[in-house]
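J.: Those sequence lines, one after another, are chains L and F.
Convert by adding 2 to the 1-based position in the first sequence; the result is the number in the numbering used here.
Convert by adding 2 to the 1-based position in the second sequence; the result is the number in the numbering used here.
Heads up, the beta-carbon is just placed ideally off N, CA and C, and yes, glycines get one too.
Being a predicted model, the structure only gives us computed values, none of them experimental.
Starting off with a structure, shown below.
There are 2 protein chains.
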Amino acid sequence: MTDVQDVLGVALVGCGTVGGAVAEILTRDRSILEERIARHIELRHIVDVDFTNAKKIGLDEKLFRSDLQEALDDEGVSVVLELIGGTTIAKDLSERALRAGKHVVTANKALLAHYGIELYALARDNGVCITFEASCAGGVPIIRALTGGLIANRIDALYGIVNGTCNYILTAMTRRGQTYAEALAQAQRDGLAEADPTLDVSGADSAHKLAILASLAFGQRIDLEAIHVSGIDSLDPRDVACGQELGYVAKLLAIAQRRDDGLSLRVRTVFISKEHPLAWVSGPFNAVSVYGHATGHTMYYGRGAGGMPTASAVVADIAAVATGAAQRTFDGLPLWPDLREPAEQLPIDAVNSRYYLRMTCHDRPRVIAAIADILGRRDISISSVLQHEPDENEERFGVPIIITTHKANEGNVRKALLEVDDLDVVKSGSVCIGIVDEHEEQL
Amino acid sequence: MTDVQDVLGVALVGCGTVGGAVAEILTRDRSILEERIARHIELRHIVDVDFTNAKKIGLDEKLFRSDLQEALDDEGVSVVLELIGGTTIAKDLSERALRAGKHVVTANKALLAHYGIELYALARDNGVCITFEASCAGGVPIIRALTGGLIANRIDALYGIVNGTCNYILTAMTRRGQTYAEALAQAQRDGLAEADPTLDVSGADSAHKLAILASLAFGQRIDLEAIHVSGIDSLDPRDVACGQELGYVAKLLAIAQRRDDGLSLRVRTVFISKEHPLAWVSGPFNAVSVYGHATGHTMYYGRGAGGMPTASAVVADIAAVATGAAQRTFDGLPLWPDLREPAEQLPIDAVNSRYYLRMTCHDRPRVIAAIADILGRRDISISSVLQHEPDENEERFGVPIIITTHKANEGNVRKALLEVDDLDVVKSGSVCIGIVDEHEEQL
């Protein structure tokens, strides 16, 4: 029964961690795959500038090419796997593949966040499709959820932990009380952070994924530049500890919320209630919570990076092209942003949220009254106040006063904090961290 | 752009909670759906014997039919939605629909667990497909994960919380310390348990879902009758409390594990470590953890029952039929059990697991030594022992001794417990609960 009925030829472009793992699934694990899909996926070309990894895996050197052209000229190739990353050479090669009538499977979030619209349109013009399950949350089939399982829903919100490096660092800060610098150094030693971790810790990588996920969830064009992005590098372990005391866990979240007046999209470190499933997602794992008008809350969890998990998603896309399901979905549903209008993206000051505020004050009478007065005039209502007996250091460096607010407008909060920081009794700049409560479902 | 390009006619059979919600998505929420799928799903017939709910929703009475035949004779109908449940009339109607060349979309786990193989084959014979995303875990797209996103994986294990009624009752027992009877009564008052809850609390409903999920995960025919099933109704709140003290949460799990010698399939109340994501799944929510050789652990979470969440899955299947992706997947992949061989299903005594044992003993010397001797002779190694100072009641009724074991063979544990219960120092029958640790991933 599971005789191989068909052959699909692929060209692998980029044989690094992910590309190498894809090659391993297609060769070493060939019997597993063929039993599952009743087809042979034939690896016909491996294109790269450096074959160190390809040789280490033991791939057939006869397949090594320094240029894509031979693969594009090969009629036996139906699919090009773009696994080199970046937005320059990857864009050029993807365009050449699409123009040559090859389907493109990619794991490249930066490419799609910047140039997705034109690449989707180019694929359509050439009668092929571009699939990218591996671009967001690695081995977790979140793209399929948005374009398949949740299709009957108006998506109202999406909250994602989509960067494993950041989540690993934040988990270490939460569980071991490490500083950001200590946790980053540990992540680098464990191979979970790059030598230059900027793309991850700045939130930029999460913003790329948010742009892709939000475009499909809401069926709108997303302007990457208009996503408000901040990272994890300024998080103070004192706030991590205070948040825990209040029942919150610090997470870098990619947030997308539909409002009557537009979409609010942002990447930032927030406090999330320990009761929310996303708070449980620890170490390098990823998870995306999606709120649909029919399903309510669903969540998708798994490894967001690494060779084999990401390769799992790449090969799933190849299989979907092999059956024709991928083309039917890409051609048959109007979700991709080349077919849609630009979103109304709301400025960060339009956010309505609860907030955690930490002010560092002199230990004098009427400090809280002065702060509360400023907040009240900006329509910011206080939910809780936390001030411990000062210890020795704090008498010298200032006493922390923690305030959590009810829902308030972020613009008002910013303005209020500028005024608070101007008070004589306040010693240094206040800290403001958004609080994400369970999304209000409309079932 | 999102102009409606196409019309797909459907007949709804069974207009209860789920059927009614499907009708609402197709009518009240029509504009949401058409914007997402660029097609009109036309509800052409509503077949039922009782239209109370259909009238309450305000559905068009001109569509009401007492028999399916008119829908089968209607060439404008491509899809029949089987939402009546049960295995008698539902089977007859599904067969008639398939023979008439209509695709069937169903939420009926009992039907597929008992008769899936013949229904899949009948669909194939008639050139149509049968889809059933709604049959397992309601609004959670777990069928798509197994037949799509995870297709590149050899699935090694699957652990599911797939019955919301049981999970709600167990959550109440865990968090509020209620007895089973108290928690069941509360669930019935809250509309989360049937007046006759047998199908849910016995584990039978979970076994239906396990049969479906395991058949797709492993690509094998599953014999429902050979799944070992026990429920939640004998769970003692004292064990729930002791388990918590040891770091475990009681969950009814549907378990499927691949071993070299076959598949181990069982439904039972187990203790799961508080560190495992499934332990966090509370109230009526469902979740399924799947372990693939490439992805490692992925988990899918959401509402497993209720009208709108289940309808979300039904309508997702209709949309997949509309694009043709469903047919491509059903025809193009060899996962469905009509195409596969029967699984080697292992007997329950072959399970290897850790166990929680509670013996009720007289407070006399050498009790633990006697028990440990019996366990040791059966190759059962002790991991921890918990015995509190006895209180007044326990001096009368017996002292509980809690033992957790290292991995042991279940057959040996059963035999050992029979011997333990025969000891003079043991007052009443011992309790044995399996412990599920994090699955050992092979990445």
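Could you check whether the Cβ of Ala-318 of chain L sits closer than 9 Å to any Cβ belonging to chain F?
T.: Counting from 1 along the first sequence, the entry for residue 318 of chain L is found at position 316. Taking a beta-carbon distance threshold of 9 Å, Ala-318 of chain L counts as an interface residue toward chain F.
J.: Chain L partners of Pro-311 of chain F, CB-CB under 7 Å?
T.: Taking the first residue of the second sequence as position 1, residue 311 of chain F is located at position 309. In chain order: Ala-296, Thr-297, Gly-298.
J.: Which residues of chain L have a Cβ atom closer than 7 Å to the Cβ of Leu-35 of chain F, listed in chain order?
T.: For this step, residue 35 of chain F is matched to residue 33 along the second sequence. Going along chain L in sequence order, the residues near Leu-35 of chain F (Cβ under 7 Å) are Ala-154.
J.: Assuming Ala-40 of chain F and Pro-336 of chain L are in contact, meaning their beta carbons sit under 8 Å apart, how far apart are those beta carbons, in whole angstroms?
T.: Residue 40 of chain F sits at position 38 when you count from the first residue of the second sequence. Residue 336 of chain L sits at position 334 when you count from the first residue of the first sequence. Right, the Cβ-Cβ distance comes to about 4 Å (below 8 Å), so this counts as a contact.
J.: Measuring only between beta-carbons, confirm whether Ile-214 of chain L sits less than 9 Å from chain F.
T.: As a first step, residue 214 of chain L is located in the first sequence; it is residue number 212 there, counting from the start. Cβ-Cβ to chain F under 9 Å: no for Ile-214 of chain L.
J.: Please name the residue in L:His-42, L:Lys-58, L:Asp-94, L:Glu-77 whose C-alpha comes closest to that of Val-15 of chain L.
T.: Counted from its first residue, the first sequence places residue 15 of chain L at position 13. For Val-15 of chain L, the nearest C-alpha among the options comes from L:Asp-94.
J.: Could you tell me the distance, in whole angstroms, from the CA atom of Phe-66 of chain F to the CA atom of Val-51 of chain F?
T.: Reading the second sequence from its first residue, position 64 is the one you call residue 66 of chain F. Reading the second sequence from its first residue, position 49 is the one you call residue 51 of chain F. The straight-line gap from Cα to Cα measures roughly 9 Å.
J.: In the structure shown, what three-state DSSP assignment does Arg-156 of chain L receive?
T.: Locating residue 156 of chain L in the first sequence gives position 154, where the first residue counts as 1. Assignment of Arg-156 of chain L by DSSP, reduced to helix, strand and coil, places it in the coil class.
J.: How long is the line joining the alpha carbons of Asp-263 of chain F and Leu-359 of chain F, rounded to whole angstroms?
T.: Indexing the second sequence from 1 puts residue 263 of chain F at position 261. Indexing the second sequence from 1 puts residue 359 of chain F at position 357. Cα to Cα, Asp-263 of chain F sits roughly 27 Å from Leu-359 of chain F.
J.: Using the Cα positions of Ile-153 of chain L and Gly-18 of chain F, report the straight-line distance between them to the nearest angstrom.
T.: Looking up residue 153 of chain L in the first sequence gives position 151. Looking up residue 18 of chain F in the second sequence gives position 16. Their Cα atoms are separated by approximately 22 Å.
J.: State buried or exposed for Pro-402 of chain L, treating a residue as buried only when at least 16 other CB atoms are found within 10 Å of its CB.
T.: Counting from one through the first sequence, the residue named residue 402 of chain L turns up at place 400. With 16 or more other Cβ atoms within 10 Å, it is buried.
J.: Which of the three DSSP states, helix, strand or coil, is assigned to Thr-325 of chain F?
T.: Taking the first residue of the second sequence as 1, we reach residue 325 of chain F at position 323. Helix at Thr-325 of chain F.
J.: Residues bridged to Cys-434 of chain L by DSSP?
T.: Within the first sequence, residue 434 of chain L is the residue found at index 432, counting from 1. Cys-434 of chain L pairs with L:Leu-359.
J.: Is it buried or exposed, Arg-270 of chain F, if we count other Cβ atoms within 10 angstroms and call 16 or more buried?
T.: Residue mapping note: residue 270 of chain F aligns to position 268 of the second sequence, counting from 1. Buried, because 16 or more other Cβ atoms sit within 10 Å of the Cβ of Arg-270 of chain F.
J.: How far does the alpha helix (DSSP H) with Thr-19 of chain L in it extend, from its first residue to its last?
T.: To locate residue 19 of chain L, count along the first sequence from 1; it is residue 17. 19–28 is the extent of the alpha helix (DSSP H) around Thr-19 of chain L.
J.: Please classify Ser-137 of chain L: is it buried, with 16 or more other beta-carbons within 10 angstroms of its beta-carbon, or exposed?
T.: Here residue 137 of chain L refers to the residue found at position 135 when the first sequence is read from its first residue. Flag for Ser-137 of chain L reads buried.
J.: Verify the CB distance criterion: does Arg-101 of chain L have a CB-CB separation below 9 Å to chain F?
T.: For the purposes of this step, residue 101 of chain L is identified with residue 99 of the first sequence, where counting begins at 1. No, Arg-101 of chain L lies away from the interface with chain F (no Cβ there is under 9 Å from its Cβ).
J.: Does the beta carbon of Thr-4 of chain F sit closer than 9 Å to a beta carbon anywhere in chain L?
T.: The residue you call residue 4 of chain F lines up with position 2 of the second sequence. Note that Thr-4 of chain F scores 40 on pLDDT, short of 50, meaning its location in the model is unreliable and no value can be drawn from it.
J.: CB-CB under 8 Å to Val-231 of chain L, same chain, minus the five flanking residues each way: which ones, in chain order?
T.: In the first sequence, the residue the question calls residue 231 of chain L occupies position 229. Excluding sequence positions up to five before and after Val-231 of chain L, its CB lies within less than 8 Å of the CB of Ser-204, Gly-205, Ala-206, Ser-208, Ala-209, Arg-268, Val-269, Arg-270, all in the same chain and listed in chain order.
J.: Could you name the residues of chain L that Val-142 of chain F contacts, counting a contact when the two beta carbons are closer than 7 Å?
T.: The residue labelled residue 142 of chain F in the question sits at position 140 within the second sequence. Under the 7 Å cutoff, chain L gives Thr-300.
J.: Determine, using beta-carbon pairs with one atom in the stretch 182–202 of chain L and one in the stretch 18–34 of chain F, whether at least three such pairs fall under 8 Å.
T.: no
J.: In chain order, what residues of the same chain lie with their CB nearer than 6 Å to the CB of Thr-133 of chain L, ignoring the 5 residues before and after it?
T.: Here residue 133 of chain L corresponds to residue number 131 of the first sequence, with the count starting at 1. Only Val-107, Asp-319, Ala-328 meet the Cβ criterion.
J.: Measuring straight from C-alpha to C-alpha, what distance separates Ile-229 of chain F and Tyr-161 of chain F?
T.: Residue numbering aside, residue 229 of chain F sits at position 227 when the second sequence is read from its first letter. Residue numbering aside, residue 161 of chain F sits at position 159 when the second sequence is read from its first letter. Spanning the two alpha carbons is a distance of roughly 14 Å.
J.: Just the Cα atoms here: how many angstroms apart are Leu-85 of chain F and Ala-109 of chain F?
T.: Residue 85 of chain F sits at position 83 when you count from the first residue of the second sequence. Residue 109 of chain F sits at position 107 when you count from the first residue of the second sequence. Distance between the alpha carbons of Leu-85 of chain F and Ala-109 of chain F is about 6 Å.
J.: Rounded to whole angstroms, how far is the Cβ of Arg-356 of chain L from the Cβ of Ser-314 of chain L, which I believe are closer than 8 Å?
T.: Working through the first sequence from its first residue, we reach residue 356 of chain L at position 354. Working through the first sequence from its first residue, we reach residue 314 of chain L at position 312. Arg-356 of chain L to Ser-314 of chain L, Cβ: 37 Å. No contact.
J.: Determine, using beta carbons only, whether Asp-127 of chain L comes closer than 9 Å to chain F.
T.: The residue you call residue 127 of chain L lines up with position 125 of the first sequence. Closer than 9 Å: no.
J.: Apply the 10 Å Cβ neighbour rule to Ser-236 of chain F and answer buried if 16 or more other Cβ atoms are within range, or exposed otherwise.
T.: What you label residue 236 of chain F is simply residue 234 of the second sequence in a count that begins at 1. Result: exposed.
J.: Does Leu-65 of chain F have its Cβ less than 9 Å from a Cβ in chain L?
T.: By one-based count along the second sequence, residue 65 of chain F stands at place 63. Judged by the 9 Å Cβ criterion, Leu-65 of chain F is not in contact with chain L.
J.: For the stretch 14–47 of chain F, which residues have a CB atom closer than 8 Å to at least one CB atom of chain L, in sequence order?
T.: Ala-23, Ile-27, Asp-31, Ile-34, Leu-35, Glu-37, Arg-38, Ile-39, Ala-40
J.: Can you pull the DSSP bridge partners for Thr-2 of chain L?
T.: Look at the range of chain L in this structure, 3 to 445, and you will see that residue 2 of chain L is not part of it.
J.: Thinking Val-81 of chain F and Val-323 of chain F are a contact (beta carbons under 8 Å), I'd like their distance in whole angstroms, please.
T.: Taking the first residue of the second sequence as position 1, residue 81 of chain F is located at position 79. Taking the first residue of the second sequence as position 1, residue 323 of chain F is located at position 321. Their Cβ separation, rounded to whole angstroms, is 6 Å, which keeps Val-81 of chain F and Val-323 of chain F in contact under 8 Å.
J.: Does the CB of Ser-314 of chain L have a neighbour CB from chain F at under 9 Å?
T.: Here residue 314 of chain L is taken as the residue at index 312 of the first sequence, counted from 1. Interface residue, yes.
J.: Does the separation of the CB atoms of Pro-286 of chain F and Thr-167 of chain F fall below 9 Å?
T.: Translated into positions along the second sequence, residue 286 of chain F becomes position 284. Translated into positions along the second sequence, residue 167 of chain F becomes position 165. Against a cut-off of 9 Å, the Cβ pair of Thr-167 of chain F and Pro-286 of chain F comes out as a contact.
J.: Look at the Cβ atom of Ala-345 of chain L, then the Cβ atom of Gln-222 of chain L, and state whether they are nearer than 9 Å.
T.: Reading the first sequence from its first residue, position 343 is the one you call residue 345 of chain L. Reading the first sequence from its first residue, position 220 is the one you call residue 222 of chain L. Yes, the Cβ-Cβ distance between Ala-345 of chain L and Gln-222 of chain L is below 9 Å.
J.: Could you give the uninterrupted runs of the alpha helix (DSSP H) lying entirely in the stretch 81–127 of chain F, keeping only those of 4 residues or more?
T.: 91–101, 111–127
J.: Taking contact to mean 3 or more Cβ pairs, one atom from each stretch, closer than 8 Å, check whether the stretch 363–383 of chain F and the stretch 274–284 of chain F are in contact.
T.: no
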